[in-house]
Amino acid sequence: MGNLNSVGEQEPLDDNVRNWSTNDVSRWLVDNGFSDSKKTFLNQGVDGEMLITLTENKLRILGLNPKSSAAMLDLIRQLKELAETPPTSDVQCTPEYIPSPQKEQDTQKLIALCVKKLEKIKGFKSATLQEKQSRAKNLVIKNNLLETYLNANFVATRQTMETLLETTENTNSGSNILIKSNSNSIDISIPEEEQESYDDEDKNDIIRLVRETAISDSIASSNPLSMIKKEEFLKIKLVIVELDGSARHRTFRKILSPIMDTFLTNTTGLQYGLFHSALIVGPWYLEWNDSCLIVPRKCYSGAAVIAADVNKYFKGPQVSEAIDKISDVICDWNANYSYSRQTNNCQRFVDDICKALNIDINFDGALKSYLDQLRTKGVCDMSYPLTESMKHTLGIEDQEDKKFNTHKELDDFVKLINRKDPCYFDMDPAGQDDLILLKSYDRAFWLRHFKDKDQEKFTPHQCPFGDPQMTGSIVEANCFTYNKKV
Numbered sequence: 001m002g003n004l005n006s007v008g009e010q011e012p013l014d015d016n017v018r019n020w021s022t023n024d025v026s027r028w029l030v031d032n033g034f035s036d037s038k039k040t041f042l043n044q045g046v047d048g049e050m051l052i053t054l055t056e057n058k059l060r061i062l063g064l065n066p067k068s069s070a071a072m073l074d075l076i077r078q079l080k081e082l083a084e085t086p087p088t089s090d091v092q093c094t095p096e097y098i099p100s101p102q103k104e105q106d107t108q109k110l111i112a113l114c115v116k117k118l119e120k121i122k123g124f125k126s127a128t129l130q131e132k133q134s135r136a137k138n139l140v141i142k143n144n145l146l147e148t149y150l151n152a153n154f155v156a157t158r159q160t161m162e163t164l165l166e167t168t169e170n171t172n173s174g175s176n177i178l179i180k181s182n183s184n185s186i187d188i189s190i191p192e193e194e195q196e197s198y199d200d201e202d203k204n205d206i207i208r209l210v211r212e213t214a215i216s217d218s219i220a221s222s223n224p225l226s227m228i229k230k231e232e233f234l235k236i237k238l239v240i241v242e243l244d245g246s247a248r249h250r251t252f253r254k255i256l257s258p259i260m261d262t263f264l265t266n267t268t269g270l271q272y273g274l275f276h277s278a279l280i281v282g283p284w285y286l287e288w289n290d291s292c293l294i295v296p297r298k299c300y301s302g303a304a305v306i307a308a309d310v311n312k313y314f315k316g317p318q319v320s321e322a323i324d325k326i327s328d329v330i331c332d333w334n335a336n337y338s339y340s341r342q343t344n345n346c347q348r349f350v351d352d353i354c355k356a357l358n359i360d361i362n363f364d365g366a367l368k369s370y371l372d373q374l375r376t377k378g379v380c381d382m383s384y385p386l387t388e389s390m391k392h393t394l395g396i397e398d399q400e401d402k403k404f405n406t407h408k409e410l411d412d413f414v415k416l417i418n419r420k421d422p423c424y425f426d427m428d429p430a431g432q433d434d435l436i437l438l439k440s441y442d443r444a445f446w447l448r449h450f451k452d453k454d455q456e457k458f459t460p461h462q463c464p465f466g467d468p469q470m471t472g473s474i475v476e477a478n479c480f481t482y483n484k485k486v
């Protein structure tokens, strides 16, 4: 992996790439294996300011092949983040975020509030009160949350999983699933009257949960996601995802498994065309839905999910402080909030996390309008809010938004923008944010196309984003990582 800064006996390069001279850029090129481009960059007078404006097309003009362009763009992106994002010095709650008065609530009351939520989740109805209280403690008591679901140590998370359950199939009944807690030998079985509501996916997922923990310590210790405290800074990402129509009973599996190795690769249960927002904090996926519970899940593999960086990161000791603030918000919502599409919805939870971390969600264009709608509606359909400038560019002054009913409609719309304004997605800040939203829709269509290739409405039509099986254009490999300064 390349270096952001020059190494060796020379004076280190300025952390702010905007201050670099053409000679500084030349040093950076050599240090990162782009010596062949040094002369061309010098001849073109590429300094730091110009470097961070380079796009794939511009690099191609400068003579770089696709592989080298991709590698350089990744390093340029990191340089730009360092230049535009000042290190966080204070992660105190902003005045806008006012947590519920948990200090006035005793521990038993917090647990009781969470138990009421658990009792509404299929799979926990047959659990004993002791079992429900044990699970509730991990979701509303800060220290418990930090030690289990929000544990920075991957190995500790795996051990938590092993303590939570041992999954076996009942050999006498192929349809019965038995969940056994190793910690207190309390069984949770799916009652006969509820089994019909559990499809094969549910049963297979529950059986597969324990396999998710069968990751060797050697793999975990070598995985860059394994230890947050070894990383130099923590990234926060916003994601727009298709809504899981059965979130309430699927929360049962989330609580039992704090580890997630896939991200909605199976579309069963998704409400077609309805989207909501969530956050990825380092390796954790945080989501608020009608289950009324946030269960942090750690992902240790890449996943097909589109994410947008927010304009902040946490460095060094600030990482632990940030996680501490996040745990406060999660415990608060898990104990004291009920889901409402109009008020206590997904985007309100995202807003509260960001407020607690002093993060301003500053997006432009259609993505900004989309998030504003989420705050008031809770969910949005697969539509693209049209700005005045975009209406003018596309010549559709009479439309407020563009709704996509088929994959072809989305593909044609993106290609139309590329024809009308070829630089919109590359150069315009609003266009760069819009691309996040449109890619999210494209990802949703592809997932459904892989599931049902006979459905014409999911079939791509010369997709401008490309086939993810061939290009990987939809898979954002770093969505579940913290970026490390190297």
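275 is the number that UniProt numbering gives to position 275 of the sequence shown; each next residue is one higher, with no gaps.
Backbone N, C-alpha and C fix where the C-beta goes; we use that ideal spot for every residue, glycine too.
Residue burial classification, residue i (beta-carbon count within 10 angstroms, cutoff 16)
i      : result
Asn16  : exposed
Glu388 : exposed
Thr168 : In this prediction, Thr168 has a pLDDT of 30, which is less than 50 and means its spatial position is unreliable; nothing more can be read from the coordinates.
Pro12  : exposed
Asp398 : exposed
Val310 : buried
Ser327 : buried
Asp36  : exposed
Pro385 : buried
Met427 : exposed
Leu293 : buried
Lys420 : exposed
Gly282 : buried
Asn151 : buried
Val30  : exposed
Asp106 : exposed
Glu119 : exposed
Asn418 : exposed
Glu456 : exposed
Leu129 : exposed
Cys354 : buried
Cys423 : exposed
Span of the beta strand (DSSP E), counted from its first residue to its last, around residue i
i      : result
Pro385 : 383-385
Asp401 : 401-403
Own chain residues within Cβ distance below 7 Å of residue i, not counting five before or after
i           : result
Ile76       : Leu51, Ile52, Leu54
Gln347      : Ser277, Leu371, Leu374, Arg375
Tyr149      : Asn138, Pro258, Val295, Pro296
Ile359      : Ile236, Val310, Lys312
Ser21       : Asp47
Cys452      : Checking the displayed sequence, the identity of residue 452 turns out to be Asp instead of Cys. Around Asp452: Phe458.
residue 490 : In the structure displayed, the chain extends from 1 to 486; residue 490 sits before or after that span and is not available.
Val115      : Lys132, Gln133, Ala136
Lys117      : Cys292, Leu293
Asp14       : Trp20
The alpha helix (DSSP H) enclosing residue i, as first and last residue numbers
i      : result
Leu286 : No alpha helix (DSSP H) contains Leu286, which is instead part of the beta strand (DSSP E) from 284-286.
Ser134 : 129-140
Thr40  : 38-43
His407 : 407-420
Glu388 : 388-394
Gln108 : 107-118
Gln347 : 346-356
Arg18  : That residue, Arg18, is in no alpha helix (DSSP H); it is neither H nor E in DSSP.
Tyr424 : 424-427
Asn32  : That residue, Asn32, is in no alpha helix (DSSP H); it is neither H nor E in DSSP.
Glu56  : 56-61
Glu397 : Here Glu397 belongs to no alpha helix (DSSP H), and DSSP marks it neither H nor E.
Leu51  : 48-51
For residue i: DSSP bridge partner residues
i           : result
His449      : None; His449 has no bridge partner.
Leu234      : Phe314
Val329      : Bridge partners of Val329: none, in fact.
residue 513 : The chain is shown from 1 up to 486; residue 513 falls before or after that span and cannot be answered.
Ser277      : Ile240
Ala366      : According to DSSP, which records beta bridges pairwise, Ala366 is partnered with nothing at all.
Asp309      : Lys237
Cys380      : Phe275
Residues near residue i by beta carbon distance below 6 Å, same chain, minus five either side
i      : result
Ser134 : none
Leu113 : Ala335
Cys463 : Asp411
Chain-order list of residues whose beta-carbon lies under 8 Å from that of residue i (same chain, five-residue window excluded)
i      : result
Lys391 : Glu397, Gln399
Pro460 : His407, Lys408, Asp411, Phe445, Trp446, His449, Asp467
Arg18  : Gly48, Glu49, Ile52, Ala83
* Touching by the beta-carbon criterion (3+ pairs, under 8 Å), the segment 313-324 and the segment 376-384 -> no
* Asked: Three or more beta-carbon pairs under 8 Å between the segment 426-442 and the segment 403-418, yes or no?
  -> yes
* Three CB pairs or more closer than 8 Å across the segment 278-291 and the segment 337-346 -> yes
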